[in-house]
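Sequence lines, in order, name chains A and B.
According to numbering that gives the first Met the number 0, the stretch in the first sequence is residues 0 to 415, in order.
According to numbering that gives the first Met the number 0, the stretch in the second sequence is residues 0 to 415, in order.
Cβ atoms here follow ideal geometry from the backbone N, Cα and C, with glycine treated the same way.
In this text the structure is predicted, and so the values were computed from the model without any measurement.
There are 2 protein chains.
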Amino acid sequence: MTAVGRVESRSAEHGPASQQDMRRQNLAVVLGAVAAQGPLSRADVAGRVGLTRAAVSSLVDELIGRGAVTEAAATARGRVGRPGRALTVCDEGPAGLGLEIGVTHLGACVTDLRGEPRIWRRVERPNAGRPAGRVLAEAAALGAEVEAEAEALGLRVAGRLLAVPGVVPNRPGGLVERAPNLGWSGVRLADHWPDPGTVPEPENEANLGALAEYWNAGRPEETFVHVSAETGIGAALVIDGRLFRGARGFAGELGHLPVRPDGPACACGARGCLEQYAGEAAVLRAAGLPPHCSPAGGPTGTGPGDPVALLAERAAAGHAPTLRALDRAGRALGLALTSAVDLIDPDGLVLGGAYAELADWLLPSVRAELAARVTVRPWAAEALRPSVLGRRGPLLGAALTTVRRIMADPTLLPAG
Amino acid sequence: MTAVGRVESRSAEHGPASQQDMRRQNLAVVLGAVAAQGPLSRADVAGRVGLTRAAVSSLVDELIGRGAVTEAAATARGRVGRPGRALTVCDEGPAGLGLEIGVTHLGACVTDLRGEPRIWRRVERPNAGRPAGRVLAEAAALGAEVEAEAEALGLRVAGRLLAVPGVVPNRPGGLVERAPNLGWSGVRLADHWPDPGTVPEPENEANLGALAEYWNAGRPEETFVHVSAETGIGAALVIDGRLFRGARGFAGELGHLPVRPDGPACACGARGCLEQYAGEAAVLRAAGLPPHCSPAGGPTGTGPGDPVALLAERAAAGHAPTLRALDRAGRALGLALTSAVDLIDPDGLVLGGAYAELADWLLPSVRAELAARVTVRPWAAEALRPSVLGRRGPLLGAALTTVRRIMADPTLLPAG
DNA sequence: GGTGTTTGTCAGGGCTCTCAACAAATTAGT
DNA sequence: ACTAATTTGTTGAGAGCCCTGACAAACACC
C-alpha cells in the first residue's frame with residue numbers, strides 16, 4: 000500500500016475466497032512472522048500478527064507438520080511467567096535450487112528455508128555458441144550433483160529455477176525465447192533436460208538479480224529499478240516488492256532508451272540508444288580495449304581476466320582513457336535513469352551485475368546527471384546505490400524464488 | 000496476473016485473513032459478476048464464479064440488503080426449467096460524487112452504482128490565482144446542489160472525490176501539495192470546506208482521467224500509460240488495472256523527460272525537457288499564438304475559445320505553422336513515449352486530456368517516432384490510441400472511484 | 001395434464017477462527 | 001521453602017461461512 004492503490008481499493012481478486020485460502024494466508028502470515036522476527040513463541044506470534052493464541056497454535060502445528068518450522072531446543076528465559084517455546088524457520092528439509100547459465104560459466108546454489116545459501120558452486124564453461132542441448136545437459140548434471148549434496152545435508156529440493164541471460168516470456172511453458180549472448184532462440188527446456196522430473200523453470204537473470212537484491216537488502220514493499228549489464232543493459236523493476244515484467248515481459252529494456260535522438264545508429268535500428276554509450280562493447284571500445292565476448296557463434300575466447308575486471312583494474316590504476324570511457328557511460332546512464340525516475344518515481348536505483356564492480360567510477364557521473372535533471376521532485380543522491388550482491392544476485396535469486404514461494408504459500412509443502 | 004508475479008506468488012497480504020474477509024471478497028465477486036455480465040440469475044452467478052447456488056443466494060440476499068443489487072421485474076424466460084430471477088446492479092441508492100476544479104471551470108458529476116453518469120454539471124470559473132478558500136467554497140456549493148439533485152433521483156452519495164490539477168501526496172490527509180496552475184500550495188481541504196461532513200478526497204486529475212479511461216474502455220488487468228496535458232504534461236500509469244503512483248506519488252512525470260539532452264533550458268532547471276517541445280505554451284508559441292493561461296497570479300483572461308480548441312481549428316483549416324508545431328510536438332512526444340514503452344512495456348498508450356482533441360494531427364508523428372525507435376520488441380501502431388473520454392475523464396473518474404470502491408468491497412455500504 | 005428441467009432455499013456438516021477456562025512452568029516475594 | 005502472580009500453550013464450546021444433498025416451485029415440452 001505504499002504506492003499503489005490509494006484511490007482504488009484492493010480485494011476482488013476475481014476468484015471466490017474459500018476457507019482453504021484463509022488458512023493458506025494465515026499459515027503464510029505466521030511463517031512470515033517467525034522468519035522475519037527471529038525466534039518467537041506462539042504467544043509472541045499471536046500478539047504480533049493479530050490472531051489468537053489458539054489459532055496460532057493450530058497453524059504452527061501444521062507448519063511443523065509440513066517441515067517449515069521447528070521448535071528450537073532453547074526456551075527463552077528471564078521473564079516472569081511460563082517460558083514460551085521458541086519457534087524458528089526450519090534449516091533442514093525444504094530447500095530451493097537455483098541454477099545459472101552464463102556466457103562463460105554455470106552456477107548452482109541451494110538455500111534452505113531461512114534463505115541461507117548452503118551450497119554454492121560455480122564452474123567456468125564457454126557456453127556461447129554451443130548447442131543448447133549440450134549446455135543444458137551439463138547444467139542438469141551440475142544440478143543433480145548439487146541436489147545429491149543437498150540431500151546429504153538433510154535438504155530436500157522443493158523447486159528449481161534456472162537463470163538465463165535472455166528473454167523469457169510471461170506465460171509459463173519453460174521457454175527461453177532468445178538468448179543472444181548464448182546464441183539460443185526458442186529453446187524449450189523440457190526438450191533438452193535429461194531428467195523430466197527435475198526440469199527447472201527459466202527466468203531472466205536480471206529479474207532474478209533484482210529480486211535477490213530486494214529480498215536480501217531491500218526495504219519491505221520497496222519500489223526500485225535494478226540496472227544490470229549482462230545481456231545488453233537491462234533494468235528490472237521491482238514495484239511494491241514485486242517484480243514487474245510488463246505486459247509481454249519486456250519491461251525494463253533500458254539499453255535502447257534514446258539517449259541522444261540523433262546519436263550513432265544502433266544494431267536495433269534506432270539511433271543514440273543507451274547501449275551505444277554504456278554497453279559493454281561501447282565502453283571497451285572507448286577505453287581502447289578489444290571487444291571481448293563476441294556475439295553468439297563467433298569465437299568464444301574466454302580469456303583469463305574478464306573484461307569487467309580488466310576495466311576495474313585499469314580504472315583503479317588511473318588509466319585515463321578508461322576513466323573517460325566510464326565517465327561517458329555514467330553520464331549516458333544518468334540520462335536514461337532520469338527518464339526512469341521521472342516515470343516510475345522509485346525509492347531507489349540499484350546498479351547491479353557488472354555495474355556494481357565499476358560503481359566507484361560510474362556513480363559520480365550518474366549522480367551528477369540525475370542531480371541536474373531530476374528537479375521537479377525530491378531526489379536524494381543516496382537513492383542511487385550499488386548492488387550488494389553484484390554478480391551473485393541472479394543465482395541467489397533463482398534459489399530464493401522457491402523459498403519465497405513457499406513462504407507465501409506453505410501448503411505447497413506436502414503435509415506431514 | 001498478466002504481468003506481475005510469475006516468479007513470485009501472491010498471498011501473504013501481511014494481515015491475517017478472517018471469515019469476514021472471505022465474505023467481503025465473495026460479496027465483491029458476486030457483485031462484480033452481476034455488474035459485468037448483465038442481468039444474471041443466482042444460478043448463473045454460481046455457475047460463473049464457482050460458488051454454490053446456496054452460497055450465492057446468501058451473498059445476494061446481503062447485497063440486496065445493502066442496496067447494491069435489485070431483483071429486476073422481468074424474469075428471463077424462453078429456456079426450459081424454472082426461470083431465474085434476474086439480478087441487476089441497483090440504479091438507485093448508493094452513488095458516487097465527483098467534483099473537479101479546473102483552471103477555468105468547476106465540475107460535478109454523480110454516477111449510480113452501475114457507473115452511469117446521472118448528473119453532469121460544468122460551470123466556467125476563472126479559478127487561477129483566486130484564494131483557495133473561495134474556490135473550494137464554490138465547489139462545495141456546487142457539490143451540495145448536485146447532491147440535493149441526486150437525492151431527488153433516489154441516489155444517496157456514498158463518497159466524494161475532488162479532481163485537482165496538482166500534486167496530491169500518497170498519504171491520506173486531504174492535502175493538495177501544490178497546484179501551480181491554480182496558484183495553490185499546501186492546501187488542506189478540510190480547512191476550507193464549509194461542511195465538515197462532505198469534505199471530498201483530493202486526487203490528481205490526470206490519474207483520475209486514466210482510471211476513468213480504464214474503467215470505461217480498458218481491457219481487464221490492462222497495463223497502459225495515459226498521457227494528458229493539463230498540468231504540464233503528465234502521464235498516469237495503470238498497471239494491471241491499478242493506478243501506480245510511485246513511491247512518493249510522482250510517477251508519470253513525463254513532462255520533464257530529457258528529450259534532447261542539450262536542448263533549451265526548462266523552468267525546472269534541466270535542459271531539453273519534453274515540455275519545451277510538446278507543452279501547451281511551447282506549442283502555442285511555435286504555432287504563432289499568444290500564450291493563454293498565464294501561470295497563477297497573472298491575468299486570468301479566460302477568453303471565449305480555449306487555446307486547444309483554437310489549435311484544433313487552425314490545424315483543421317490547414318494552417319501551416321500550427322501543423323508544423325503539432326508535428327514537432329508529436330515527434331518529441333514519440334521520443335519520450337519510446338522511453339516509456341522501453342521501460343514499462345505497456346499494452347497501450349492513450350493520449351488523453353487536451354491531446355485527445357489534437358490526436359488527428361499528433362498521432363502520425365508520434366506513431367512514426369515510436370515505429371522507428373521501438374524495435375527490440377513487438378509494437379503495434381494501434382497500441383497508441385486517443386482517449387475516448389477526452390477532457391471528461393477526470394470528473395468521471397472522480398465519481399467512479401467511489402463506485403469502484405464499493406464494487407471492490409460492498410460492506411462499505413450500510414447493511415439493510 | 002404429465003414429465004423433465006432448472007431455480008432458489010433449507011437443513012446438516014465441515015472447516016477455521018474466537019472466546020473463555022485451565023493446567024503448566026516460571027519469577028517474585030516472604 | 002512456600003505461596004502468589006504471571007505468562008504460555010491447550011482444550012472445548014460457539015459462531016461464521018461455505019459445501020452437500022434434498023426438496024418444493026416454476027416453467028417448457030410432449
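Mapping the DSSP letters down to three states, classify A/E220 as helix, strand or coil. coil
The stretch 249 to 261 of chain B: which residues have C-beta closer than 9 Å to a C-beta of chain A, in chain order? F249, A250, G251, E252, L253, G254, H255, L256, P257, V258, R259, P260 and D261
Buried or exposed: which applies to A/D225, given that a residue is buried once 16 or more other Cβ atoms fall within 10 Å of its Cβ? First, the amino acid is wrong: residue 225 of chain A is His here, not Asp. Buried: at least 16 other Cβ atoms inside 10 Å.
Count the other CB atoms, across all protein chains shown, that sit within 10 Å of the CB of B/V134; report buried if there are 16 or more and exposed otherwise. Residue environment for B/V134: buried (at least 16 other C-beta atoms within 10 angstroms of its C-beta).
Closer than 8 Å, CB to CB, is A/V349 near chain B or not? no
Please list, in chain order, the residues of the stretch 71 to 91 of chain A that have any C-beta partner in chain B closer than 7 Å. none
Under a Cβ-count criterion, where at least 16 other Cβ atoms within 10 Å of its own Cβ denotes burial, should B/T110 be classed as buried or exposed? buried
Return the Cβ separation of A/G329 and A/P363 in integer angstroms, given the expectation that the two are a contact with Cβ distance under 8 Å. Sure, about 7 Å apart at Cβ, within 8 Å.
Rounded separation between B/M0 and A/R76 - CA only: Annotation note: pLDDT 32 at B/M0 (below 50); position unreliable, no value reported.
What are the residues of the stretch 261 to 278 of chain A that lie near chain B, defined by any Cβ-Cβ distance shorter than 7 Å? C267, G268 and A269
Contact with chain A by B/A371, beta-carbon distance below 8 Å: With respect to chain A, the C-beta atom of B/A371 has a partner C-beta closer than 8 Å.
Closer than 8 Å by beta-carbon distance: list the chain A residues that pair up with B/L50, in chain order. P15
If the cut is a Cβ gap below 9 Å, which residues of chain B does A/P345 touch? G245, A246 and A250
Could you tell me how far apart the beta carbons of A/A246 and B/P116 are, in whole angstroms, since I believe they sit closer than 8 Å? Not confirmed; about 30 Å, so no contact.
Leaving out the 5 sequence neighbours to the left and right, which residues in its chain are closer than 8 Å to A/T337 when beta-carbon positions are compared? Shown here for A/T337: same chain residues with a beta carbon closer than 8 Å to its own, the five before and five after excluded, namely E368, L369, R372 and V373 in chain order.
For B/F223 versus B/V349, is the C-beta distance shorter than 8 Å? yes
For B/P116, which residues does DSSP report across the bridge? B/T110
Would you call the stretch 233 to 241 of chain B in contact with the stretch 194 to 201 of chain B, where contact means no fewer than 3 C-beta pairs closer than 8 Å? no
What separation, rounded to the nearest whole angstrom, lies between the Cα atoms of A/I232 and A/G251? 9 Å
Step through the CB atoms of chain B and report whether any lies within less than 8 Å of the CB of A/L334. yes
When the Cα atoms are used, what is the spatial distance from B/R65 to B/L98? Straight-line Cα distance between these residues: approximately 25 Å.
Would B/L394 count as contacting chain A if we go by Cβ distances under 8 Å? no
Taking A/L112 as the reference, which of A/A157, A/G208 and A/P290 has the closest Cα? A/A157
So, is the C-beta of B/L188 closer than 8 Å to a C-beta in chain A? no
Closer than 7 Å between beta carbons: that is the criterion. Which residues of the stretch 113 to 136 of chain A meet it against chain B? none
A/A85 and A/V145: beta carbons closer than 8 Å? Annotated as distal: A/A85 and A/V145, with beta-carbon spacing of 8 Å or more.
So, under 8 Å CB-CB, A/V282 and A/L253 are touching, yes? Tell me the CB distance rounded to an integer number of Å. Rounded, the Cβ-Cβ distance is 15 Å, inconsistent with contact.
Coil, strand or helix - B/G329 by DSSP: B/G329: helix per DSSP, three-state reduction.
Rounded to the nearest angstrom, what separates B/A319 and B/T103 at their Cα positions? 29 Å
Establish whether the CB of A/P298 and some CB of chain B are separated by less than 8 Å. Low per-residue confidence applies at A/P298: pLDDT is 40, beneath 50, and the placement is therefore not dependable enough to give any value.
Starting from B/T401, trace the alpha helix (DSSP H) both ways and give me its first and last residue. G392 to A407
Quick one: give me the first and last residue of the beta strand (DSSP E) that A/N203 is part of. E200 to N203
N- and C-terminal bounds of the beta strand (DSSP E) containing B/L350: G347 to L350
Candidates A/A42, A/E150, A/G396 and A/R23: which alpha carbon is nearest A/L62's? A/R23
Tell me the start and end of each unbroken beta strand (DSSP E) in the stretch 227 to 313 of chain A that is at least 3 residues and wholly inside, in chain order. 233 to 238 and 241 to 243
Note down the Cα distance separating A/R52 from A/S40, rounded to an integer number of angstroms. 10 Å
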